[in-house]
Amino acid sequence: MNLGFDISGILSEDEAEKLFEETPPAPPETETEEKEPENEPPAEEPEKTPEEVGEEENEKGEDTVPSDGDGSSPNVYSSIASALKNDGIFPDFEDSELESVQTPEDFAELFEKAISSRLDAVHKRINDAMNNGMSPDRVRSYEQTLGYLNQINDEAISAEGEEGDNLRRQLLYNDLVNRGYTQEKAQKEIEKSFRAGTDVEDAKDALEALTKFYEEGYQKEQDAAKKQAETIRENQKKQARDFKKLVLEDELKLGDTKLDKRTCQRIYDAVATPVHKDPDSGQLLTEVQKYQKEHPLEFLKQLGMWFVLTDGGKNIDGFTKDKVKSEKNKSIRELASKINTTSIRETGSLHRSGWNGEDKNDILLSDDWQVGSM
């Protein structure tokens, strides 16, 4: 049984990762400036040249980031990107691309482009397909087909003998079938090509058509998978917003009992905020997900028990009904016992209370007083 509790859309991957970044403690503030002596005017300092001023500021460790011509500081991300280009890390980017890097997201995207540019054609194609959400099996199938087609050269197609004939027939047949020919009609066209002596050129054309056919099919499936993945992500974001509003903004009740804001926040955090990073998979888990992963059967038991006892969250009678009923029956039994063991006079009144103890000086403190015992 695989009961997944997936709420990964509630927090983005970047937001979740930030929860596990350690923030270094701020250094304690220390007084570095000496107080001027009271009632003494400050000593006059000789004027300094601009060069001396610049050297003094550098010695003090003050920020000396160069500014733009209008006096504003350059964007730190574009500056780093330009520095990396000068060091040979981003050699393929134009200056205009580097200047457009203004945010952390822009910088991350630039890095991804740099990595992709260093992959060969096959690895880049696989990387794009997997990032677009295409299934590994489909990627493998297309890669195997394109890999086979790409290794066929003109020499192999022109080869004489049975091996060359079989290769040309295979290429012609697959191309014709892809174009909508039936098996019988495809075989007739192949024989016609061999009788006419055009089978080598026809096979070369078929190879080109097949390569284009599978490349376009590959791209279409990637586009479809990418579109589906984007739709899923948008739905997850909407569900995340709706869930947060439902728990933290709307009135949250268990039956008729309204939950306070602190409890609502705890509920939201338990479901939406990662608190654990799986050391094996690196997956970020919330408190609920962590409990489910570590105690799957207990999780199912608790979930089923809560659902039944609250009637799906509609009331809390299931938690109190049996106890109230038990206490009520106990009180009725005790009352019936008192009534059945109490003597009643002919007039309908009870006998006076009697005492069975021995020490009559402590009769008010004795536990031996009984109704109707005399």
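Start counting the sequence shown at 0; every next residue gets the next number (numbering that gives the first Met the number 0). Ideal Cβ positions, reconstructed from N, Cα and C, are used throughout, including at glycine. What you are looking at is a predicted structure, and each value in this text was computed from that prediction instead of being measured.
Sort the options by Cα distance to residue i and report the nearest one.
| i | options | result |
| --- | --- | --- |
| Tyr147 | Gly132, Met133, Leu170, Ser157 | Leu170 |
| Lys211 | Leu145, Glu286, Asn234 | Leu145 |
| Ser134 | Gly179, Leu109, Tyr217, Thr230 | Tyr217 |
| Glu162 | Asn314, Val199, Gln101 | Val199 |
| Asn152 | Thr230, Glu207, Ile231, Glu250 | Glu207 |
| Gln150 | Asp136, Val121, Arg137 | Val121 |
| Ser157 | Gln143, Phe193, Glu183 | Phe193 |
| Lys114 | Phe89, Asp249, Thr256 | In the sequence as displayed, the identity of residue 114 is Ile instead of Lys. The shortest C-alpha separation from Ile114 is found at Phe89. |
| Ala224 | Phe106, Leu109, Asn130 | Asn130 |
| Thr272 | Lys289, Gly281, Lys191 | Lys289 |
Just checking my contact of residue i with residue j at CB under 8 Å: how many whole Å lie between their CB atoms?
| i | j | result |
| --- | --- | --- |
| Val274 | Thr262 | Actually they are not in contact, since the Cβ atoms of Val274 and Thr262 sit about 18 Å apart, beyond 8 Å. |
| Arg167 | Ala195 | Arg167 to Ala195, Cβ: 13 Å. No contact. |
| Glu188 | Leu209 | With a Cβ gap of about 15 Å, Glu188 and Leu209 do not count as contacting. |
| Val287 | Val307 | That pair is no contact at about 19 Å. |
| Glu215 | Arg137 | Actually they are not in contact, since the Cβ atoms of Glu215 and Arg137 sit about 14 Å apart, beyond 8 Å. |
| Ile315 | Thr256 | 7 Å |
Can you say whether residue i is buried or exposed, counting buried as having 16 or more other CB atoms within 10 angstroms of its CB?
| i | result |
| --- | --- |
| Asp375 | Since the displayed the chain opens at 0 and closes at 373, residue 375 lies outside it and no answer follows. |
| Arg139 | exposed |
| Asn173 | buried |
| Ala82 | exposed |
| Gln301 | exposed |
| Lys124 | A quick correction: the sequence has Arg, not Lys, at residue 124. Arg124 comes out buried. |
| Ala185 | buried |
| Ala205 | buried |
| Leu299 | exposed |
| Leu109 | buried |
Output yes or no for whether 8 Å exceeds the beta carbon distance between residue i and residue j.
| i | j | result |
| --- | --- | --- |
| Gly311 | Gln227 | no |
| Thr102 | Tyr76 | yes |
| Lys243 | Tyr213 | no |
| Gln264 | Leu251 | no |
| Ala128 | Val100 | no |
| Leu253 | Thr309 | yes |
| Lys112 | Leu97 | no |
| Lys292 | Leu283 | no |
Could you please give me the residues that DSSP links to residue i through a beta bridge?
| i | result |
| --- | --- |
| Thr256 | Leu253 |
| Pro295 | Note: Pro295 sits in no beta bridge, so no partner. |
| Leu283 | Lys276 |
Any heavy atom of the ligand NAP closer than 7 Å to the beta-carbon of residue i?
| i | result |
| --- | --- |
| Val274 | Absence of the ligand NAP from the depicted structure is noted, as is the absence of any ligand whatsoever, leaving it without description. |
Counting only C-beta atoms, is residue i closer than 8 Å to chain C at any point?
| i | result |
| --- | --- |
| Arg178 | The chain inventory of the structure shown lacks chain C, comprising one protein chain alone. |
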